[in-house]
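Top line first, the protein sequences correspond to chains A and B. In this text, residue positions in the first sequence follow the working numbering: the first is 2, and each later residue adds one. In this text, residue positions in the second sequence follow the working numbering: the first is 434, and each later residue adds one. Below: one structure, written as structure tokens.
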Amino acid sequence: AAGVIQSPRHLIKEKRETATLKCYPIPRHDTVYWYQQGPGQDPQFLISFYEKMQSDKGSIPDRFSAQQFSDYHSELNMSSLELGDSALYFCASKIGGGSYEQYFGPGTRLTVT
Amino acid sequence: DAKTTQPPSMDCAEGRAANLPCNHSTISGNEYVYWYRQIHSQGPQYIIHGLKNNETNEMASLIITEDRKSSTLILPHATLRDTAVYYCIVSYNNAGNMLTFGGGTRLMVKP
Numbered sequence: 002a003a004g005v006i007q008s009p010r011h012l013i014k015e016k017r018e019t020a021t022l023k024c025y026p027i028p029r030h031d032t033v034y035w036y037q038q039g040p041g042q043d044p045q046f047l048i049s050f051y052e053k054m055q056s057d058k059g060s061i062p063d064r065f066s067a068q069q070f071s072d073y074h075s076e077l078n079m080s081s082l083e084l085g086d087s088a089l090y091f092c093a094s095k096i097g098g099g100s101y102e103q104y105f106g107p108g109t110r111l112t113v114t
Numbered sequence: 434d435a436k437t438t439q440p441p442s443m444d445c446a447e448g449r450a451a452n453l454p455c456n457h458s459t460i461s462g463n464e465y466v467y468w469y470r471q472i473h474s475q476g477p478q479y480i481i482h483g484l485k486n487n488e489t490n491e492m493a494s495l496i497i498t499e500d501r502k503s504s505t506l507i508l509p510h511a512t513l514r515d516t517a518v519y520y521c522i523v524s525y526n527n528a529g530n531m532l533t534f535g536g537g538t539r540l541m542v543k544p
């Protein structure tokens, strides 16, 4: 069965650089979530989209932005990277309004040096 | 969303049932109980959910007390591959229902 695809899987950036993470949801899933998991921490919700509109916003820094495109894939744009942004970034998808479970991708490991 | 309380860690012998408790005393009437697990640095994995009734699927069983203030996830025959952090999450089911991960129980299945 198709799963959530995230790219890249690993990314190394320097401070003050920018990064773009991509998420391709499971086919026919119209809702996408982004979560950030710092070292030794629990995943924290960043932002979500339903039918290409932002639906919820969590603890996402102003330096980050995200959007969902017409094909339902989503991109998380991160600017002015800081050392504290080093984390695993997970994308999850689900069928909005009709299903219960979120399906998570394998994550992108971002390292900021 | 209601907060949950779980023990930080538990051990279980391989082949035995693992019973993971969760308290959610402030749960509201239309909030669901979800269980997810995360195997070391992998994406969290959905296990099961319930509203009022007990539920069972191929992975686990979920027992919810009548007052809905607590629940127990049961893995009937734990294997070494069930070693993970298990999260009990209470949330509404709507198009935007984000998951609030907190604490969780680190289950160690031992041979």
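The C-beta atom is built at its ideal place from N, Cα and C for all residues, glycine as well. This structure is a prediction, so every number in the text was calculated from the model and none was measured.
Check whether the segment 506–517 of chain B touches the segment 3–20 of chain A, taking contact to mean three or more Cβ pairs, one atom from each stretch, closer than 8 Å.
no
Going along the segment 481–499 of chain B in order, which residues come within less than 8 Å of chain A, judged by CB to CB distance?
H482
Please list the residues of the segment 49–71 of chain A that have a C-beta atom closer than 7 Å to any C-beta atom in chain B, keeping them in chain order.
S49, Y51, S56, D57, G59
So, with DSSP's three-state summary, where would you put D515/B?
Against the second sequence, residue 515/B aligns to sequence position 82. Note: D515/B maps to helix in three-state DSSP.
Rounded to whole angstroms, what is the Cα-Cα separation between G476/B and L22/A?
On the second sequence, residue 476/B is found 43 positions in, with the first residue counted as 1. On the first sequence, residue 22/A is found 21 positions in, with the first residue counted as 1. Roughly 15 Å separates the two Cα atoms.
Does the CB of E138/A have a neighbour CB from chain B at under 9 Å?
Because chain A in this structure spans residues 2 to 114, residue 138/A falls outside the shown range and cannot be described.
D86/A versus chain B: which residues are under 7 Å apart at the beta carbon?
Start at 1 with the first residue of the first sequence, and residue 86/A comes out as number 85. Near D86/A there are no residues of chain B at all, since even the closest Cβ is about 17 Å away, more than 7 Å.
DSSP three-state label for L115/A, please.
Residue numbering for chain A in the displayed model covers 2 to 114; residue 115/A lies beyond these limits and cannot be assessed.
Which of the three DSSP states is assigned to A451/B in this structure?
Residue 451/B sits at position 18 when you count from the first residue of the second sequence. Here A451/B sits in strand by DSSP.
First through last residue of the beta strand (DSSP E) which encompasses F534/B
On the second sequence, position 101 is the one that residue 534/B refers to. Taken as a continuous stretch (DSSP letters only), F534/B belongs to no beta strand (DSSP E), as it is neither H nor E.
Please report the straight-line C-alpha distance between Q38/A and N487/B, rounded to a whole angstrom.
For the purposes of this step, residue 38/A is taken as the residue at position 37 of the first sequence. For the purposes of this step, residue 487/B is taken as the residue at position 54 of the second sequence. Approximately 31 Å between the Cα atoms of the pair.
Buried or exposed for M79/A, going by 16 or more other Cβ atoms inside 10 Å?
Your numbering for residue 79/A matches position 78 in the first sequence. It counts as buried.
Burial state of K95/A (16 or more Cβ within 10 Å):
Position 94 of the first sequence, counted from the start, is the residue given in the question as residue 95/A. K95/A comes out buried.
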